[in-house]
Ligand SMILES: [Zn+2]
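Numbering (the numbering used here), first residue to last: 84 to 403.
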């Protein structure tokens, strides 16, 4: 086994927005944020879902996707836009970072789904139906206040069907519980959560309850572990704690594996979108995390699945 066997395909980051807000360039090493090209190289982080956010209306989607594409097309960034499963191998061969276009929230998609066709052609391959908001398609887990009982609308059910028929994967991270089950009921493809943890370990409403984890397993989907402190914290869910260690990340992984299997857990850092504990302060820390998992009972085969194989399997099934 070489270090390269554990290359990372990660389910969620917000670099596209964070780097602009922090006025840094992706190709230059920075002490701000958690992802840039030199640090991705150091952390063996070779591919990921790069989110477009926000997507609350048509104008935002248009503007942010244009920026997204211009970053990917800038040669200095050494990126390759992933549109089919073989592209991951080609990107690796050519020393490029593989980037998957993901919309976080679908509120701005039109009711006739003409934008979905358009953005599929432009390379959209993954979609979450909501953020923390409620839109015409579905209902997100709320940041504050009591949870809503509404799930997906009829239009939301049609969006799931339309996206999957095109070859755009459906992400259940951010959905509230009724919306989650509406997706499960209507899915024809493996369902995934790009950046969510285990509710039994940290009772935050962005995390997944045991029956939800099992339902994702039954679709042959997977769950990307979120490194955000507020989603990891087992003592005070919702409160950041910079001292949370690899043992807490492992507790989420252990729990998911114990009630489902090793195919149902992957990486979904939320880098550049959340505040991380020191142990995963930026993306150079993946090799240390994997070494910790290896020293504490996970085999090299297990770690390869967590690092990239599970995401490859799920995306392959969704993109066919
Ligand atoms: Zn998010």
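We treat Cβ as the ideally placed atom computed from N, Cα and C, and that holds for glycine.
Are residue i and residue j closer than 8 Å when you measure CB to CB?
i: residue 164; j: residue 154; result: no
i: residue 321; j: residue 287; result: yes
i: residue 257; j: residue 213; result: yes
i: residue 188; j: residue 170; result: no
i: residue 404; j: residue 366; result: Since the first residue shown for the chain is 84 and the last is 403, residue 404 is missing from the structure and cannot be characterised.
i: residue 276; j: residue 299; result: yes
i: residue 150; j: residue 99; result: yes
i: residue 208; j: residue 244; result: no
i: residue 394; j: residue 349; result: yes
i: residue 89; j: residue 390; result: yes
i: residue 86; j: residue 370; result: yes
i: residue 219; j: residue 236; result: yes
i: residue 179; j: residue 238; result: no
i: residue 294; j: residue 283; result: no
i: residue 216; j: residue 206; result: no
i: residue 314; j: residue 334; result: no
i: residue 249; j: residue 199; result: yes
i: residue 324; j: residue 312; result: yes
i: residue 103; j: residue 115; result: no
i: residue 210; j: residue 186; result: yes
Over the uninterrupted beta strand (DSSP E) stretch that includes residue i, give me the two end residues.
i: residue 147; result: Where residue 147 is concerned, there is no enclosing beta strand (DSSP E), although the alpha helix (DSSP H) it sits in stretches over 141 to 156.
i: residue 377; result: Element bounds for residue 377: not the beta strand (DSSP E) but the alpha helix (DSSP H), 369 to 378.
i: residue 128; result: 128 to 135
i: residue 28; result: Outside the shown range of the chain, which is 84 to 403, sits residue 28, and nothing can be said about it.
i: residue 226; result: No beta strand (DSSP E) holds residue 226; DSSP gives it neither H nor E.
i: residue 327; result: Counting along the chain, residue 327 falls outside any beta strand (DSSP E), and DSSP gives it neither H nor E.
i: residue 162; result: 162 to 164
Would you mind reading off the limits of the alpha helix (DSSP H) that contains residue i?
i: residue 65; result: This structure leaves residue 65 out entirely; the chain is present only between 84 and 403.
i: residue 197; result: 197 to 205
i: residue 301; result: 293 to 301
i: residue 125; result: 120 to 125
i: residue 349; result: Residue 349 -> not in any alpha helix (DSSP H); beta strand (DSSP E) instead, spanning 348 to 350.
i: residue 314; result: 312 to 315
i: residue 51; result: Examination of residue 51 is not possible in this model, given that the chain is present from 84 through 403 alone.
i: residue 398; result: 393 to 402
i: residue 98; result: 98 to 104
i: residue 171; result: 169 to 176
Shorter than 7 Å, the distance from the beta carbon of residue i to the closest heavy atom of ligand 1, or not?
i: residue 113; result: no
i: residue 257; result: yes
i: residue 234; result: no
i: residue 278; result: yes
i: residue 378; result: no
i: residue 356; result: yes
i: residue 230; result: no
i: residue 187; result: yes
Would you please state the rounded distance, in angstroms, between the beta carbons of residue i and residue j? I believe it to be under 8 Å.
i: residue 240; j: residue 253; result: That belief does not hold up - the Cβ atoms of residue 240 and residue 253 are roughly 11 Å apart, past 8 Å.
i: residue 191; j: residue 143; result: 6 Å
i: residue 95; j: residue 134; result: 6 Å
i: residue 262; j: residue 309; result: In fact, because the Cβ distance is near 18 Å, the residues do not count as touching under 8 Å.
i: residue 343; j: residue 296; result: 5 Å
i: residue 183; j: residue 304; result: Actually they do not touch by this definition, with Cβ atoms about 16 Å apart.
i: residue 117; j: residue 359; result: 7 Å
i: residue 281; j: residue 339; result: 6 Å
i: residue 285; j: residue 316; result: 5 Å
i: residue 355; j: residue 174; result: Not really, about 20 Å apart at Cβ, beyond 8 Å.
i: residue 332; j: residue 388; result: Residue 332 to residue 388, Cβ: 16 Å. No contact.
i: residue 91; j: residue 140; result: Not confirmed; about 33 Å, so no contact.
i: residue 247; j: residue 231; result: Actually they are not in contact, since the Cβ atoms of residue 247 and residue 231 sit about 25 Å apart, beyond 8 Å.
i: residue 203; j: residue 148; result: The pair is not a contact, with the Cβ atoms about 12 Å apart (cut-off 8 Å).
i: residue 269; j: residue 84; result: With 8 Å as the limit, residue 269 and residue 84 do not qualify as a contact, their Cβ atoms being about 40 Å apart.
i: residue 307; j: residue 93; result: 7 Å
Got a sec: is the Cβ-Cβ distance from residue i to anything in chain C below 8 Å?
i: residue 176; result: Of the protein chains in the structure, only one exists, and it is not chain C.
Enumerate, from N- to C-terminal direction, the unbroken beta strand (DSSP E) stretches of 3 or more residues contained entirely within the stretch 250 to 278.
252 to 254
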